[in-house]
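Chains as they are written, first to last, in this note's numbering: chain A, 50 to 251; chain B, 50 to 251. Glycine residues also receive a C-beta, built at the ideal position from the N, C-alpha and C atoms. Comments concern the structure below.
Number of protein chains: 2
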Amino acid sequence: MPPARSPYRPRKTPRQQRAWQTRRRIEQAAARVFARHGYASGTTDRIAEEAGLSIGSLYQYFPNKDAILVVLAQAHLEQTAETVRAVLAEPRPLRLWLPELTRALVRVHAEDPRLHQVLFEQAPRPPDVLVRFHQAEGEAVAAVERLLRADPDLAPRDHGRQARFVVATMESLVHRFAGDEPGLDAAALEREIITIVTRYVA
Amino acid sequence: MPPARSPYRPRKTPRQQRAWQTRRRIEQAAARVFARHGYASGTTDRIAEEAGLSIGSLYQYFPNKDAILVVLAQAHLEQTAETVRAVLAEPRPLRLWLPELTRALVRVHAEDPRLHQVLFEQAPRPPDVLVRFHQAEGEAVAAVERLLRADPDLAPRDHGRQARFVVATMESLVHRFAGDEPGLDAAALEREIITIVTRYVA
DNA sequence: CTAGAATACGAGAGATTCCTCAGCTTTTGC
DNA sequence: GCAAAAGCTGAGGAATCTCTCGTATTCTAG
Numbered sequence: 050m051p052p053a054r055s056p057y058r059p060r061k062t063p064r065q066q067r068a069w070q071t072r073r074r075i076e077q078a079a080a081r082v083f084a085r086h087g088y089a090s091g092t093t094d095r096i097a098e099e100a101g102l103s104i105g106s107l108y109q110y111f112p113n114k115d116a117i118l119v120v121l122a123q124a125h126l127e128q129t130a131e132t133v134r135a136v137l138a139e140p141r142p143l144r145l146w147l148p149e150l151t152r153a154l155v156r157v158h159a160e161d162p163r164l165h166q167v168l169f170e171q172a173p174r175p176p177d178v179l180v181r182f183h184q185a186e187g188e189a190v191a192a193v194e195r196l197l198r199a200d201p202d203l204a205p206r207d208h209g210r211q212a213r214f215v216v217a218t219m220e221s222l223v224h225r226f227a228g229d230e231p232g233l234d235a236a237a238l239e240r241e242i243i244t245i246v247t248r249y250v251a
Numbered sequence: 050m051p052p053a054r055s056p057y058r059p060r061k062t063p064r065q066q067r068a069w070q071t072r073r074r075i076e077q078a079a080a081r082v083f084a085r086h087g088y089a090s091g092t093t094d095r096i097a098e099e100a101g102l103s104i105g106s107l108y109q110y111f112p113n114k115d116a117i118l119v120v121l122a123q124a125h126l127e128q129t130a131e132t133v134r135a136v137l138a139e140p141r142p143l144r145l146w147l148p149e150l151t152r153a154l155v156r157v158h159a160e161d162p163r164l165h166q167v168l169f170e171q172a173p174r175p176p177d178v179l180v181r182f183h184q185a186e187g188e189a190v191a192a193v194e195r196l197l198r199a200d201p202d203l204a205p206r207d208h209g210r211q212a213r214f215v216v217a218t219m220e221s222l223v224h225r226f227a228g229d230e231p232g233l234d235a236a237a238l239e240r241e242i243i244t245i246v247t248r249y250v251a
C-alpha cells in the first residue's frame with residue numbers, strides 16, 4: 050500500500066462491491082497494457098479501453114498515470130519481500146536456503162518479465178517505489194548476512210560485503226535471464242546461480 | 050556506424066568543417082541532456098538548445114529523435130567491443146585476462162552511468178542497436194569460451210555455458226554497481242567481481 | 001419506492017512533443 | 001567579387017496525451 054501522503058496515492062477507497070472490482074480491473078488492465086506497449090505507449094486511454102471502462106472512471110481511482118504504475122510496482126516488491134523473508138527467516142545451512150531462495154526468485158520473475166522490465170527499468174521510478182525498493186533489498190542483504198555469519202561451514206570473511214554481492218548477483222542474473230533466453234530453461238538458470246553463489250561464499 | 054538503410058540513419062554527411070562540428074555538438078549535447086533528463090524528457094528542443102542551435106539544424110543531421118540515441122548507443126557498443134577484443138585476443142591464463150577485462154569494463158561503465166542507463170534500459174532499443182548489442186555480447190562469450198577451453202589450469206566443463214554466465218555476471222554486476230554506490234569504490238567492485246568469476250570457473 | 005450517494009461516462013481543454021519548410025546567412029570554388 | 005552550394009533559423013502544423021467536469025446511470029438505506 051502506497052504511503053498516505055503522495056501524489057501517487059490512489060484517489061478514493063471504494064464503498065461498493067462494483068467499485069472494488071473496477072479498481073481491480075484497472076490494475077489488471079494496466080499490467081497487460083504496460084507489458085504489451087511499454088511505459089510511454091501504455092496510455093491511460095488504452096488502459097481504460099482494455100479494462101472496458103471510460104477514461105473518467107479510471108481517474109476516479111487514480112490521480113494520474115504513474116499512480117497506477119506505483120501500485121503495480123509496490124505489489125511486486127511486497128510479494129518478493131514476503132517470499133525472501135519466509136525463506137530466510139530461520140538460520141539454516143547454505144545448501145538448504147540457497148536453492149530455495151533461487152527457485153523462488155526465478156519463479157517470481159518469470160511470471161511477467163516484460164511488465165517487470167517496464168516497471169523497474171523503463172518507467173520513471175517515483176520516490177515511493179525507490180524507497181521501498183531499497184528497503185526490501187536492505188532487508189534481504191541483512192538476512193543473508195545473518196545466515197552467512199551463523200553458518201559454521203563457512204570461513205569467517207567480510208560477510209556484509211559478501212551478502213551484498215550475493216543478493217546483487219542473484220537479482221542481476223535473474224533479471225538478466227528472466228523470460229525466455231534461448232537454450233536456457235529455469236532449471237538450468239537456477240543450477241548455475243546456485244553454483245556461482247556457493248563457490249563464491251564457500 | 051548505423052546500417053545504411055534504416056529510419057535511424059543520420060541524414061546527411063557534412064561537407065564543411067562547420068557542419069562536422071555542429072553534428073558533434075548535437076551528439077554531445079544529446080548525451081548531456083539524456084543523462085540529465087532521461088529519455089522521455091530529453092526532448093529534441095532541449096537538445097538543440099543545449100547545443101546552442103535551432104531545432105531546424107538538428108533535423109538537418111538526424112531524421113528523428115531516436116536516430117541521435119542510436120548514434121550514442123552504437124558508439125558505446127563499439128568502444129566496449131573494441132576493448133573486449135583487445136583484452137581477449139591472445140590465449141592467456143585467467144589470472145591475467147580477468148583482472149584486465151574487469152578493470153576495463155568497470156572503467157567504461159563508470160564514465161557516464163546515467164546516460165548508459167537511459168540508452169540501454171529506459172529508452173526503446175531500436176533493432177539496429179539490439180542487433181549490434183547481441184553481436185557484441187556473442188563475440189565476448191565466444192572469446193571467453195576460447196580462453197577457458199585453452200586454459201590448462203581449469204577443469205574441463207561446459208565452457209560454453211560457463212562463458213555465457215561469466216559474461217552475464219560481469220556485465221550485470223558492473224551495471225548494477227556502476228556510478229557511485231555508497232561504500233563501494235571501483236577497486237572493491239573489481240576485486241569482488243574477480244573473486245566471483247575466478248571461483249566460479251576454477 | 002424513493003431520494004440521495006456512489007459510480008460511470010466521454011467530449012474536449014490544455015499542454016507537450018516531434019518535425020517541416022520557406023527564407024536567411026555563411027562558406028566555397030572560381 | 002560573385003554565384004551557387006551548404007548550412008542555419010524558428011514559427012507553427014499535426015499528432016498525441018493527460019486529466020477535468022458536467023451529465024447520466026446504478027446502487028443503497030430507510
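For the putative contact between residue i and residue j, defined by C-beta atoms under 8 Å, what is the C-beta separation to the nearest angstrom?
i, j, result
"glutamate 194 of chain A", "glycine 209 of chain A", "6 Å"
"tyrosine 110 of chain A", "threonine 71 of chain A", "7 Å"
"leucine 238 of chain A", "arginine 181 of chain A", "In fact, because the Cβ distance is near 26 Å, the residues do not count as touching under 8 Å."
"isoleucine 117 of chain B", "glutamate 76 of chain B", "7 Å"
"leucine 197 of chain B", "glutamine 211 of chain B", "6 Å"
"proline 148 of chain A", "isoleucine 243 of chain A", "6 Å"
"leucine 203 of chain B", "alanine 138 of chain B", "So it is not a contact: roughly 19 Å between Cβ atoms."
"arginine 213 of chain B", "valine 246 of chain B", "That belief does not hold up - the Cβ atoms of arginine 213 of chain B and valine 246 of chain B are roughly 13 Å apart, past 8 Å."
"alanine 122 of chain B", "leucine 168 of chain B", "5 Å"
"alanine 235 of chain A", "alanine 159 of chain A", "6 Å"
"valine 155 of chain B", "threonine 132 of chain B", "11 Å between Cβ atoms; not a contact."
"glycine 87 of chain B", "proline 173 of chain A", "7 Å"
"proline 288 of chain B", "aspartate 200 of chain B", "As shown, chain B starts at 50 and ends at 251. That puts residue 288 of chain B outside it, with no answer to give."
"alanine 192 of chain A", "arginine 225 of chain B", "Alanine 192 of chain A to arginine 225 of chain B, Cβ: 19 Å. No contact."
Could you please give the first and the last residue of the uninterrupted alpha helix (DSSP H) stretch that includes residue i?
i, result
"threonine 71 of chain A", "66-90"
"glycine 187 of chain A", "176-199"
"aspartate 229 of chain B", "Aspartate 229 of chain B -> no alpha helix (DSSP H), and no H or E assigned at all."
"valine 167 of chain B", "That residue, valine 167 of chain B, is in no alpha helix (DSSP H); it is neither H nor E in DSSP."
"threonine 93 of chain B", "93-100"
"tyrosine 249 of chain B", "235-250"
Step through the CB atoms of chain B and report whether any lies within less than 8 Å of the CB of residue i.
i, result
"leucine 179 of chain A", "no"
"tyrosine 108 of chain A", "no"
"proline 52 of chain A", "Note that proline 52 of chain A scores 49 on pLDDT, short of 50, meaning its location in the model is unreliable; the coordinates nonetheless yield the value given after this. Chain B contact via Cβ: absent."
"arginine 248 of chain A", "yes"
"threonine 151 of chain A", "no"
"glutamate 241 of chain A", "yes"
"arginine 74 of chain A", "no"
"arginine 225 of chain A", "yes"
I want to see whether chain A comes within less than 8 Å of residue i, judged by CB atoms only; does it?
i, result
"arginine 95 of chain B", "no"
"glycine 87 of chain B", "yes"
"isoleucine 245 of chain B", "yes"
"leucine 147 of chain B", "no"
"threonine 129 of chain B", "no"
"arginine 60 of chain B", "no"
"serine 55 of chain B", "no"
"serine 103 of chain B", "no"
"threonine 218 of chain B", "yes"
"leucine 121 of chain B", "no"
"leucine 222 of chain B", "yes"
Would the beta-carbon of residue i be found less than 7 Å away from any heavy atom of the ligand NAD?
i, result
"valine 136 of chain A", "The ligand content of the structure shown is nil, which means the ligand NAD is not present either."
Legend entry - Near-chain A residues of the stretch 196-214 of chain B (beta-carbon distance less than 9 Å), N- to C-terminal order: Listed in sequence order: Arg210, Gln211, Arg213 and Phe214.
Inset, instruction - Please specify which runs of the alpha helix (DSSP H), each continuous and at least 4 residues long, are wholly inside the stretch 111-165 of chain A, giving them in chain order. - result: 114-136 and 143-159
Inset, instruction - Determine which residues of the stretch 159-175 of chain B have a Cβ less than 8 Å from any Cβ of chain A, and write them out in chain order. - result: Glu170, Gln171 and Pro173
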